[in-house]
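Written out below as structure tokens is the structure these notes cover.
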Amino acid sequence: MEDETLLMLPGPVPLPERVRFAMARQAINHRGAEFGGAYSNIVRVLKTCFGTNNDLMVISGSGTAGMEAAVSNFGKGRKMAHLINGKFGERLWKIGERYGEAVPIESEWGTPLNLEALKEALENGCEVVTMVHNETSAGILNPGAEVGKICRKHDALFIMDGVTSIGGDNVKADDWGVDVAIVGSQKCLAAPAGLAAVSVSSRAWEKAVKNPPYYFDLPAYRKNAAKSPMETPYTPAVPIFFALREACLLIEEEGIEKRVARHHRMAKAVRAAVAAWGVEMFPKTDAIHQYSNTVTAARIPKGSNDKDFRGHVKKFGIQIAGGQDHLKDVIFRIGHMGCVSAPELLATLAATEYAIQK
Ligand code: PLP
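So for the sequence shown, the UniProt record's numbering puts the first residue at 1; every next one is plus one.
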């Protein structure tokens, strides 16, 4: 019997039936036309989600694998500036520390990034910048275009984590000057967990380090992806490739613009509910930092706590997320990414309203 809990999390998200069924099949040789065809379908559709014509490669590993591949191939031995206003910005900094000289540019979680400090860091020799576009831990959408412009002006490489924005919100990697962008399969793409896709600009390839980690050797991924049929350097997670291919076909059938508009509508509905409940949104926005359109973070009402609050929601068979690290017991987060339907969203809002009134 399947677990019928409705996951309204910022990933993993519920899987459409077609995506689930695509995984349940006999093993195949991953060096051949069938696998190559699936890989090329994925790349075609993901390029439209990333807004890029750059090379795009898929790694068997979660979103963090994509983050580490990006930082290690383009930041190893270099001075990097890490923009931080949440857990995943912090994660990129921690990865940076393993590979080079990592300079954190910290703001309180959920508050705007410090772009003046970024400019200073770039004047002081930082060659690579990392930013999380949609900071899932705090529900804030950071400014890709503005940061891209600053990076270009200082000739720095721009690595953008689009793990929870790509496929659900507007991302224009090429227009914004993003050199390396990353997505994870279990978020807005509505595929199972286990794959990360990374796009790389020609400017970034020119600056690629000479000795990347063996498993995250992006030039090796590029070389294998250029073969016909397409391949990966090592054995890929084939069943998840098939599921991701199906998820990508669903994106193509819906159309990326319509999909983004659908995510915007969902987010607007959740924000309207939060306002009607008289609950405070967690992020502090400004002209260029906005509320996330894929996950909404709001404060748990005074007198309640994470366990009780989410426990009330769970009575209805619905799982929402709590806060991470120091935001535990402070915020709750509703994920509205992937293929969540309007009735599912309305049920979630009703269950959350019940928890607020308890
Ligand atoms: N980046 C962001 C913005 C995320 O939300 C997450 C996961 O929630 C990650 C990176 C890490 O992805 P994974 O858990 O797939 O390694």
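We put the CB at the ideal spot given by N, CA and C, even for glycine.
As the structure is a computational prediction, the values presented were derived from the model and not from experiment.
Paired residues, beta bridge with residue i - DSSP
| i | result |
| --- | --- |
| Glu106 | Ile84 |
| Ala298 | Met281, Phe332 |
| residue 360 | Only positions 1 to 358 of the chain appear in the structure, and residue 360 is not among them; the question remains open. |
| Gly322 | Phe332 |
| Tyr291 | Ile140 |
| Glu101 | Lys79 |
| Glu135 | Ile140 |
| Asp169 | Ile166 |
Where the beta strand (DSSP E) through residue i begins and ends
| i | result |
| --- | --- |
| Leu56 | 55-60 |
| Met160 | 157-161 |
| Ala181 | 180-184 |
| Ser199 | 195-200 |
| Val238 | Careful: Val238 lies outside any beta strand (DSSP E), inside the alpha helix (DSSP H) at 238-254. |
| Met131 | 128-132 |
Environment of residue i [buried if 16+ CB atoms lie within 10 Å]
| i | result |
| --- | --- |
| Lys76 | buried |
| Gly177 | buried |
| Pro143 | buried |
| His326 | exposed |
| Ser72 | buried |
| Thr294 | buried |
| Leu46 | buried |
| Thr296 | buried |
| Ala24 | exposed |
| Gly139 | buried |
| Tyr214 | exposed |
| Leu346 | exposed |
| Arg18 | exposed |
| Ser341 | exposed |
| Glu127 | buried |
Test item: CB-CB of residue i and residue j under 9 Å
| i | j | result |
| --- | --- | --- |
| Leu83 | Asn114 | yes |
| Lys104 | Glu90 | According to the sequence displayed, residue 104 carries Pro and not Lys. Yes, they are a contact pair. |
| Pro192 | Ile240 | yes |
| Gly51 | Ala173 | yes |
| Pro12 | Gln186 | yes |
| Cys151 | Val129 | yes |
| Ala298 | Val279 | yes |
| Ala70 | Val198 | yes |
| Met80 | Gln319 | no |
| Ala27 | Val238 | yes |
| Tyr221 | Met57 | yes |
| Lys284 | Gly110 | yes |
First and last residue of the uninterrupted alpha helix (DSSP H) at residue i
| i | result |
| --- | --- |
| Thr111 | Thr111 -> no alpha helix (DSSP H), and no H or E assigned at all. |
| Cys151 | 144-153 |
| Ala225 | 218-225 |
| Met23 | 17-23 |
| Ala191 | Unbroken run through Ala191: none, as it is neither H nor E. |
| Ala350 | 342-357 |
| Ser40 | 33-50 |
| Glu120 | 115-123 |
| Asp174 | 173-176 |
beta-carbon residue i near ligand 2 non-hydrogen atom, thresh 8 Å
| i | result |
| --- | --- |
| Asn134 | Ligand 2 is absent from the structure shown, which contains only ligand 1. |
Touch check for the segment 245-263 and the segment 55-72: three-plus C-beta pairs under 8 Å?
-> no
Spell out a yes or no on whether the segment 129-136 and the segment 158-172 are touching, meaning 3 or more CB-CB pairs, one atom from each, closer than 8 Å.
-> yes
Tell me, please, whether the segment 170-187 touches the segment 20-36 by the rule of three or more beta-carbon pairs shorter than 8 Å.
-> no
Between the segment 202-210 and the segment 322-342, do three or more beta carbon pairs fall short of 8 Å?
-> no
Is there contact here, the segment 228-240 with the segment 36-44, by at least three beta-carbon pairs under 8 Å?
-> yes
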